[in-house]
Each structure stands twice: as structure tokens, then as C-alpha cells.
Amino acid sequence: MFVTMEPIKEENSIAKVDESLLNTEKKGGFNIKILLFGLPIFVIQLIAVYFIVANILLSRIQNNYSATTQNPVENKNAKPATAKPTELGKFIYIPEDLIINPANTDGKRLLLSSLGFDVSTEQDLQVLKAKDFVLKDAVISVMSSKGLEQLGSTIYRDTLRMEITKRLSQVIPEVKINTIYFSKYILQ
Numbered sequence: 002m003f004v005t006m007e008p009i010k011e012e013n014s015i016a017k018v019d020e021s022l023l024n025t026e027k028k029g030g031f032n033i034k035i036l037l038f039g040l041p042i043f044v045i046q047l048i049a050v051y052f053i054v055a056n057i058l059l060s061r062i063q064n065n066y067s068a069t070t071q072n073p074v075e076n077k078n079a080k081p082a083t084a085k086p087t088e089l090g091k092f093i094y095i096p097e098d099l100i101i102n103p104a105n106t107d108g109k110r111l112l113l114s115s116l117g118f119d120v121s122t123e124q125d126l127q128v129l130k131a132k133d134f135v136l137k138d139a140v141i142s143v144m145s146s147k148g149l150e151q152l153g154s155t156i157y158r159d160t161l162r163m164e165i166t167k168r169l170s171q172v173i174p175e176v177k178i179n180t181i182y183f184s185k186y187i188l189q
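Numbers in the working numbering are just positions in the sequence shown, counted from 1, shifted up by 1.
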């Protein structure tokens, strides 16, 4: 009987070794349960967070914003409520057409542009007429510093308006430009 027990023990130890090898192989491989259960749970959590942020938090932020804009803190330097808003298009100064050489074109490419400068008062309009050459020089210096990519882009046009307005506020500080209109803009 003793002899029969030893081979059984060896077989059990071999079976245990084989099971331990099988367990290590399963741990090293890809677990499909993560893909089947973990990924859908993650997506559901992601959707839940989106709806919480979009519906609850954004509505609270909008409510807080509207409450602060309806009851602003009074500022001592604020303009009185009776001040009339500026009327766009009432006073527009239109200088002659400008022909501009864009940067890095060696004079081979040209930009023909006609601009209109909207100002608030007739006095500002008279100042722009008196300083026509200063105005044209400022516009040409800003536009000629830009390359073809910038001047050809319609998206960049608003940035160009802001740069021209900034430059004009430096050279003619007594005039406030409301906006700049482009009536001709031909790049050749």
C-alpha cells in the first residue's frame, strides 16, 4: 500500500504544477471580460458626465451670468444711461482707392483696396479729411507688411481691420474709428 501512495502523490504534484502553469498563462493574456463589461460601463459614465455638465452646470452658470448682467455693481466712472449709442454708417470717410504691394512679392503682386472709415461725429470726419495722407500712410504700412497668405484669407480680414484701427489710433488719437468697411479688395 505504501508503494501505491507514492505514485498518487507524484501525479497530484504534477497536476498541481500543470494547473499553476495554466493559471500563469491565463493571467498574461487579454481578458475579454474587460472588453465586454468595462468598455460599455465607461461609455455610460462618459455620457452621464456629459449630460450632468451640459444640463445642470451650464444652466447654473448661465443663471449666474444673467443675474450679474441684470444687476451690475454701479461704477462711479460709468456713462449715464441717457447716453445715445453710436449710430453706424452715419459718418463715413472714403479715401481714394489704395494700391498696395504685399510683403515678399517684389512688386509682382498688387492689392487694390477701397476702404470706408466709420466715425461717430462729423468733427471726426473733418479730422480724417484733413489728415488724409497720414491715414493713407498708416493703412498702406499695415497692409504692405502682410504676405499674400494673410491678405488673401477672408478670415484674416477682421484681424486686418483691428490692426488698421489700432495703427490709426496711434497716429490720429483724437479720432475714434467705429469700424472699417472694405468696398473693394482685389488681390492680383
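Every residue, glycine too, gets a C-beta built ideally from N, C-alpha and C.
Contact belief for F52 with S114 at Cβ below 8 Å, rounded distance in angstroms: Not quite, the Cβ-Cβ distance comes to about 49 Å (not below 8 Å), so this is no contact.
Residue burial classification, K77 (beta-carbon count within 10 angstroms, cutoff 16): For K77, the predicted model reports a pLDDT of 49, less than 50, meaning its position is unreliable; a value from the coordinates is still stated below. In summary, K77 is exposed, with fewer than 16 beta-carbon neighbours lying within 10 Å of its beta-carbon over all protein chains present.
The segment 115-123 / the segment 172-182 touching (three or more Cβ pairs under 8 Å): At 8 Å Cβ cutoff, the stretches touch.
Alpha-carbon spacing of S125 relative to I57, whole angstroms: For the record, residue 125 in the displayed sequence is Asp; it is not Ser. Answer to the nearest angstrom: the Cα atoms are 49 Å apart.
Distance, A104 Cα to I187 Cα: Our two residues, I187 and A104, have alpha carbons roughly 16 Å apart in a direct line.
Close-in-space but distant-in-sequence residues of the same chain around A139 (CB under 6 Å, 5 per side omitted): Take A139, set aside five residues on each side of it, and the residues of its chain with a beta-carbon closer than 6 Å to its own are R168, L169, V172, in chain order.
Helix, strand or coil at I45 according to DSSP, with G and I counted as helix: Shown here, I45 sits in a helix according to DSSP, grouped into three states.
K130, enclosing alpha helix (DSSP H) - first and last residue: Its alpha helix (DSSP H) spans residues 123-131.
Exposure of Q189, with buried meaning 16 or more beta-carbon neighbours within 10 Å: Classification of Q189: exposed, given that the 10 Å Cβ count is below 16.
C-beta neighbour in chain D for D107, strict 8 Å: Here chain D cannot be found, since the structure has a single protein chain.
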